[in-house]
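Here's the structure we're looking at; comments come further down.
Residue numbers (my numbering): 3 to 654.
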């Protein structure tokens with residue numbers, strides 16, 4: 003049986019700033035920033051990395067501290083640091099290492115209370131009175147590799163034990179997960195029994211049934227354990243929910259009869275081994291929040307599966323993966339520099355998936371194809387990119403920023419292929435129920451604080467208005483910059499350089515006319531930004547103006563060069579964006595076409611709104627360059643990123 007623990011309130015530990023160092027990656031975990039489902043690291047460059055999971059990775063130990071969950075099964079004689087080896091627990095060979103609940107496994111399933119689960123003062127146990135006395139227990143990772151895929155996977159998993167030959171052609175495996183004890187009754191051939199009897203004993207608990215589900219509650223009525231819906235699946239993945247049970251009361255417990263459907267088991271297309279899964283869930287920790295749906299089995303739920311699927315099945319059916327991560331509440335969305343989902347491929351084709359924002363609520367324990375929520379393509383990720391070996395990442399920066407700002411409800415994402423009904427394009431990924439370190443992750447990279455910011459608007463008299471400054475100023479204020487001064491006027495080169503000083507400026511936006519110089523033969527000799535319309539009092543800001551200034555722009559987050567009608571201004575011919583990045587700026591943006599003043603005004607205003615809406619700089623530029631209005635004007639934007647050394651041109 004699989005057992006699940008009931009929900010408890012979130013816990014935020016109060017601890018000293020104990021730091022754990024990972025020498026292999028040169029990062030430090032800040033233990034005081036742990037949450038039940040996340041870790042936070044300080045990187046060498048002073049920035050931070052939040053790593054979130056779709057399930058708990060910590061539990062509250064007896065000292066009130068958040069301790070790493072360790073689901074590995076160990077011998078009870080091992081010094082695990084969190085053992086219950088008192089008199090009441092003698093006779094057990096194996097147990098899980100560290101969690102808020104414990105699982106103990108006896109040498110044989112026939113003995114009374116052969117499998118024991120404890121949670122606080124409550125406990126349940128079960129045994130199989132008809133089991134063979136010779137059917138011993140072994141750690142799964144000590145087994146020799148068998149031919150069947152199920153046993154191959156089991157032999158790689160240090161969280162499981164296997165009772166072999168408990169009945170003719172029957173093995174039983176137990177896998178300890180974060181909030182589930184997963185029981186697999188393994189039918190090795192069609193001649194195996196189809197009915198299974200267990201004795202269930204309880205302490206401090208009473209049984210309750212609701213809508214066909216079975217719960218075990220403490221004296222206050224709180225659910226401590228529950229039985230997951232039962233199902234069975236054959237070696238080819240053919241699935242059936244035709245597994246029934248009934249219970250009879252006995253002294254100090256219940257007798258449980260589990261019956262697998264003979265029609266499914268005797269079908270000519272059923273391939274053995276067949277796994278019957280009556281798992282027990284421990285409800286004292288948060289549920290996992292990832293699962294998949296399959297059009298071929300539209301009413302089936304895959305909550306406890308170790309696999310997530312995308313693409314096509316059998317050439318006719320679509321499969322999609324749903325994941326939701328809790329988001330940190332202590333990080334300003336403006337400090338987020340990059341957020342992405344990491345998911346590890348298990349087998350089959352290279353994925354070309356994207357992540358789409360889900361727009362309706364769902365729970366992983368009851369999600370099916372028939373009741374799946376809708377999604378939107380707005381702010382969808384780019385196609386998954388390869389990361390480290392086997393891993394793929396999906397950019398989630400706009401989604402995370404918007405959810406953290408409260409603009410969207412966090413219903414998670416759905417990961418899907420553009421073409422879903424193609425059997426030659428399907429991928430199996432690891433889920434949160436898989437063994438570590440294969441579980442999906444949400445990575446959020448962010449700054450500890452934002453430096454001062456000055457927004458510099460360059461006025462061109464008689465042509466331009468300054469309405470574009472308003473949303474840009476709002477963006478700066480929303481970003482929690484320590485200051486967001488707005489300075490307007492026609493400035494000398496030295497003044498511009500003072501605004502670019504790294505001690506006082508985090509963002510610099512310059513807006514002006516462009517200028518092209520020609521010699522007497524009509525050849526272009528220079529491009530520049532003209533900082534004043536007055537023909538007797540103007541300043542031309544060329545690339546060499548910045549190049550010869552000795553500027554250090556390493557703290558500069560963004561420099562935006564905007565030019566209008568009379569020239570190329572900030573585009574690559576002037577080299578201003580390129581030079582800005584070469585001086586240390588993280589990102590520089592410019593135009594790559596001659597544009598009208600109105601187009602420049604409109605572009606800049608919409609760019610500020612995109613940034614305020616959580617777009618990355620790159621995504622905002624591509625989004626605007628694809629806008630029909632700017633396509634008609636001939637305007638194209640490009641970005642030069644110092645950290646990626648790439649250029650994005652409109653239409654890419």
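For glycine and all other residues, C-beta sits at the position ideal for the given N, C-alpha and C.
- For residue 296 and residue 236, the gap between their C-alpha atoms comes out near 16 Å.
- Secondary structure at residue 129: strand, using DSSP grouped into helix, strand and coil.
- Fully contained in the segment 179 to 215 are the following beta strand (DSSP E) runs of length 3 or more, in chain order: 182 to 189, 197 to 205, 208 to 212.
- Counting the other Cβ atoms within 10 Å of the Cβ of residue 39 gives 16 or more, which makes it buried.
- By the neighbour-count definition (other C-beta atoms within 10 Å, threshold 16), residue 418 is a buried residue.
- As DSSP reads the structure, residue 69 sits in a beta bridge with 61.
- Leaving aside the five residues that flank residue 71 on each side, the residues in its chain whose CB is nearer than 7 Å to its CB run, in chain order, 58, 59, 60, 61, 100, 101, 180.
- Looking at 325, 224, 284, the one whose alpha-carbon comes closest to that of residue 185 is 284.
- When the alpha-carbon of residue 391 is set against those of 423, 161, 346, 109, the nearest one is in 346.
- Within the DSSP secondary-structure output, residue 311 pairs in a beta bridge with 430.
- A distance below 8 Å separates the beta carbons of residue 133 and residue 112.
- With contacts defined by Cβ atoms closer than 8 Å, residue 249 and residue 278 do not form a contacting pair.
- For residue 230, the closest of 145, 241, 217 by C-alpha to C-alpha distance is 217.
- Beta-bridge partners assigned by DSSP to residue 242: 234.
- Cβ-Cβ distances below 7 Å link residue 621 to 400 in the same chain, with the five nearest sequence neighbours on each side left out; the list follows chain order.
- Residue 584 carries a helical assignment under DSSP once its states are collapsed to helix, strand and coil.
- The Cβ neighbour count for residue 173, taken over all protein chains shown within 10 Å, is at least 16; the residue is labelled buried.
- Of all alpha-carbon atoms in 394, 129, 319, 376, the one lying nearest the alpha-carbon of residue 354 is that of 394.
- Under the DSSP assignment, residue 156 falls in the alpha helix (DSSP H) whose first and last residues are 151 to 157.
- If the five residues before and after residue 210 are omitted, its C-beta is found closer than 6 Å to the C-beta atoms of 217, 219, all from its own chain and listed in chain order.
- Counting of Cβ neighbours within 10 angstroms places residue 252 among the exposed residues, the total staying below 16.
- Contact fails between the segment 252 to 267 and the segment 320 to 339, because fewer than three Cβ pairs, one in each stretch, are under 8 Å apart.
- In the DSSP assignment, residue 393 forms a beta bridge with 346.
- Counted as a single uninterrupted DSSP element, the beta strand (DSSP E) harbouring residue 445 occupies residues 443 to 448.
- Annotation: residue 444 to residue 54 spans about 5 Å, alpha carbon to alpha carbon.
- Fewer than three beta-carbon pairs drawn from the segment 425 to 433 and the segment 44 to 53 are found closer than 8 Å, and the two stretches are therefore not classed as touching.
- Remark: C-beta atoms of residue 274 and residue 258 do not approach each other more closely than 8 Å.
- Under the three-state reduction of DSSP output, residue 630 falls in the helix class.
- Taking the CA atoms as reference points, residue 380 sits about 39 Å from residue 73.
- Contact between residue 365 and residue 302 does not hold, since their C-beta atoms are separated by about 15 Å, which reaches or exceeds 8 Å.
- Taking a C-beta distance under 8 Å as the contact criterion, residue 402 and residue 377 do not qualify as a contact pair.
- Look at residue 40 here: in three-state DSSP terms it is strand.
- For residue 226, the enclosing beta strand (DSSP E) has its first and last residue at 225 to 229.
- Ranking 138, 103, 175, 585 by CA distance to the CA of residue 123 puts 103 first.
- Residue 357 is bridged by DSSP to 417.
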